[in-house]
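Student: In terms of full-length UniProt numbering, the sequence shown is residues 1 to 328.
I'd like to ask some things about the structure below.
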Amino acid sequence: MRTARFLSLFLGLMVLFDGTRSPAVAEPLHPVRLVYFWPVQGFLLIPIVVAQAQGLYRARGLDVSIVLPPDAQTTARMLATGQAEIGMESRTDVIFAANISLPLTAIAGFDQHNSWCVVGRPGQAIDLGHLRGKTIGVFTDSWTAVMMHLLFARNGITNPDDVQQIITQFEDLPLLLAGRLDLATNVAPFSVADSIAETGRMPSLACRDRTGVPDLPIWAYTASPRWLAAHGDDARAFLAATHDATAWSISHPDEAAALFARTYPMVDSPLYDRVGWHTTIPYLGALPELLQQSAVSWAALAGAMHDIGVIDHVRDPKTYFTNAYLPR
């Protein structure tokens, strides 16, 4: 009995002693700010939101937050000035940055195909051979600017002033539906989501097979070379988690869109997000292609931009991108 009491006291003291030891200190998460290409959250952020919600970034030691730029022309400058670590922006931004020696590197692709289109009202016939005298809604981003140059070059418009381009800041579909524009421009996912949510009908679309613009990826994940040199492991961790979240979002499109809609309920409707994400998925390419980039596509885009005179020199594709941080 005395032995049993002694053993009980001994074990109690051991538990007490063990409880006074300091717990292991967890490694702090590395903060990574992702700056979007648009001043409002959009469903193209679904893989990022999924990775946040499912703890994929945290599991790799990252605390990823989303930052919005003031306009569609500021993402690259925010990276260069240290206001964010990773960007999501059009590949034309990367080439324009190289043209003015602004340090910017594409570390992964978002999509694999060009979804940019000329948009008409539901049921409207789009005649690209008769663009002169038309009013066309355009946005201020660099991809739209380059695609409009290419559209004109491919469809016989030698004087851009022959077409009235109306700048729209956030949405052009309301102006199109109201008859204040003859045509609009946008990527197919946003155009389809807009039209279905507003009218329940598909818009008319003239996409790359009719416009003559090249079938090249639009968006890339980007970073400054200085940040990459100091935080290469964070870049790899970010892309590994983003790859897994993108694959999951493709396999579970409705769940992924619903998660985004719950996270940002004041931005768009759940229907808009669901239709938009479903329309986006075919442009992302097959699963083995996710996040991949090629020198061929970068050279083709830079060459097209040089041909229409918006850049003065085509650089080695390695100037624009690297695959060094992609998941192996």
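Just so it is clear, CB atoms sit at the ideal spot from N, CA and C, and this is done for glycine as well.
Quick one, which of 276, 239, 311 has its alpha-carbon nearest residue 325's?
Tutor: 239
Student: Going by DSSP, what residues sit across from residue 63 in a beta bridge?
Tutor: 31
Student: Kindly say whether residue 108, judged by its beta-carbon, lies nearer than 8 Å to any beta-carbon of chain C.
Tutor: Looking at the structure shown, chain C is missing, and only one protein chain is on hand.
Student: For the beta strand (DSSP E) that contains residue 118, what are its first and last residues?
Tutor: 116-120
Student: Considering only residues of the same chain and omitting the five flanking positions on each side of residue 140, which have a CB-CB separation below 8 Å?
Tutor: 71, 72, 73, 167, 169
Student: Can you list the beta strand (DSSP E) stretches of 3 or more residues lying completely in the region 91-140, in chain order?
Tutor: 105-109, 116-120, 135-138
Student: Going by the DSSP bridge assignment, what does residue 222 pair with across the sheet?
Tutor: 87, 106
Student: When you compare each of 175, 61, 178, 209 to residue 188 by their alpha carbons, which one comes out closest?
Tutor: 209
Student: Assign residue 60 to buried or exposed, taking buried as 16 or more other Cβ atoms, counted over all protein chains shown, within 10 Å of its Cβ.
Tutor: buried
Student: Alpha carbons only, please: which of 213, 317, 99, 118 is nearest the one belonging to residue 173?
Tutor: 118
Student: Where does residue 213 sit, in a helix, a strand or coil, going by DSSP?
Tutor: coil
Student: Alpha helix (DSSP H) containing residue 250: first to last residue?
Tutor: 232-251
Student: Which of helix, strand or coil does DSSP assign to residue 187?
Tutor: strand
Student: Distance check for residue 319 and residue 247, CA to CA, integer angstroms please.
Tutor: Distance between the alpha carbons of residue 247 and residue 319: 28 Å.
Student: For a test of the three-state rule: what should DSSP assign to residue 287, helix, strand or coil?
Tutor: In the structure shown, residue 287 sits in a helix (DSSP, three-state: H, G or I).
Student: DSSP three-state call for residue 206: helix, strand or coil?
Tutor: strand
Student: Give the range of the alpha helix (DSSP H) segment to which residue 52 is assigned.
Tutor: 46-53 is the span of the alpha helix (DSSP H), which, as asked, contains residue 52.
Student: From the DSSP output, in three-state form, read off residue 37 for me.
Tutor: coil
Student: Per DSSP, what kind of secondary structure is residue 166 in: helix, strand or coil?
Tutor: strand
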